[in-house]
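Residue numbers (this note's numbering): 13 to 170.
Don't be surprised by glycine CBs; every beta carbon is placed ideally from N, CA and C.
Note that the structure is a prediction, hence the values are computed from the model and not measured.
Remarks on the structure that follows.
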Ligand code: ADP
């Protein structure tokens, strides 16, 4: 039986840190379904369709990775995908509080679903979608922070 994990996030936009989390996850499971969340509360810079398109382009050559949009409960997406785990990335202690609450809530909703955390490469620990958006808006070069396929979507690059 194939092991599947869902990796949920806003991916506004997908960064090298996110990619690193996926590649590490692929060492643990057979397939990863990246769940691109609508997340209107975060008022994303890119709409859902564009965020999904960016993720799909980044993993176009990776048959073990699939991307879907989701607007409902994460545990429902996981169930629909037949996933046994939720994959998340940890950068610093500042991520912990939110991740701890989310993992605990999801466990309450779906006790058989395990949340698994991986740590990104040290040189990506400072990478966040928020800083990528802000640096790009102000005309800074973000080419080392996002996969090449994402660069054309960002303002003021190249
Ligand atoms: P969310 O809005 O759900 O936090 P994000 O797209 O911001 O969505 O992040 C998705 C997941 O990826 C989170 O678990 C986050 O901690 C993790 N993540 C984001 N950037 C990095 C990074 N540079 N290194 C490791 N994990 C990361």
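Among 152, 155, 21, 70, which has the Cα closest to the Cα of residue 85? Per the Cα distances, 21.
Within 8 Å, do at least three Cβ pairs link the segment 33-51 to the segment 103-111? The segment 103-111 vs the segment 33-51: no contact.
Within a Cβ cutoff of 6 Å, which residues of the same chain sit near residue 122, ignoring the five residues on either side of it in sequence? Closer than 6 Å at the Cβ level, and outside the excluded window around residue 122, lie 87.
Does the Cβ-Cβ distance between residue 103 and residue 132 come in under 8 Å? By the CB criterion at 8 Å, residue 103 and residue 132 fall inside the cutoff.
By Cβ distance, which residues of its chain are closer than 7 Å to residue 15, with the 5 residues on each side in sequence left out? Exclusion of the five residues before and after residue 15 leaves 41, 42, 96 as the residues of its chain whose Cβ lies within less than 7 Å of its Cβ.
Just the Cα atoms here: how many angstroms apart are residue 38 and residue 76? Taking the straight line joining both Cα atoms gives about 8 Å.
Does the distance from the C-beta atom of residue 130 to that of residue 33 stay below 8 Å? A distance below 8 Å separates the beta carbons of residue 130 and residue 33.
According to DSSP, simplified to helix, strand and coil, what is residue 152? Under the three-state reduction of DSSP output, residue 152 falls in the coil class, being neither helix nor strand.
Answer yes or no: the CB of residue 145 versus the heavy atoms of the ligand ADP, is any distance below 7 Å? Taken from the Cβ of residue 145, every heavy atom of the ligand ADP lies 7 Å or farther away.
Look up residue 53 in the DSSP assignment and give the residues it is bridged to. Note: residue 53 is not bridge-paired with any residue in the DSSP secondary-structure output.
For residue 107, verify whether its CB is less than 7 Å away from any heavy atom of the ligand ADP. Shortest gap from the CB of residue 107 to any heavy atom of the ligand ADP: under 7 Å.
Which residue's Cα is closest to the Cα of residue 144: 61, 169, 52, 93? Looking from the CA of residue 144, the closest CA among 61, 169, 52, 93 belongs to 169.
For residue 72, count the other beta carbons within 10 Å of its own beta carbon; 16 or more makes it buried, fewer makes it exposed. Which is it? With fewer than 16 other Cβ atoms within 10 Å, it is exposed.
Is residue 118 near the ligand ADP - that is, is its Cβ less than 7 Å away from at least one heavy atom of it? No, the Cβ of residue 118 stays beyond 7 Å of every heavy atom of the ligand ADP.
Which one of 36, 164, 157 has the shortest CA to CA distance from residue 27? The candidate whose alpha carbon is nearest that of residue 27 is 157.
Own chain partners of residue 99 with C-beta closer than 6 Å, once the 5 adjacent residues on each side are dropped: Answer for residue 99: 17, 19, 37, 128, listed in chain order.
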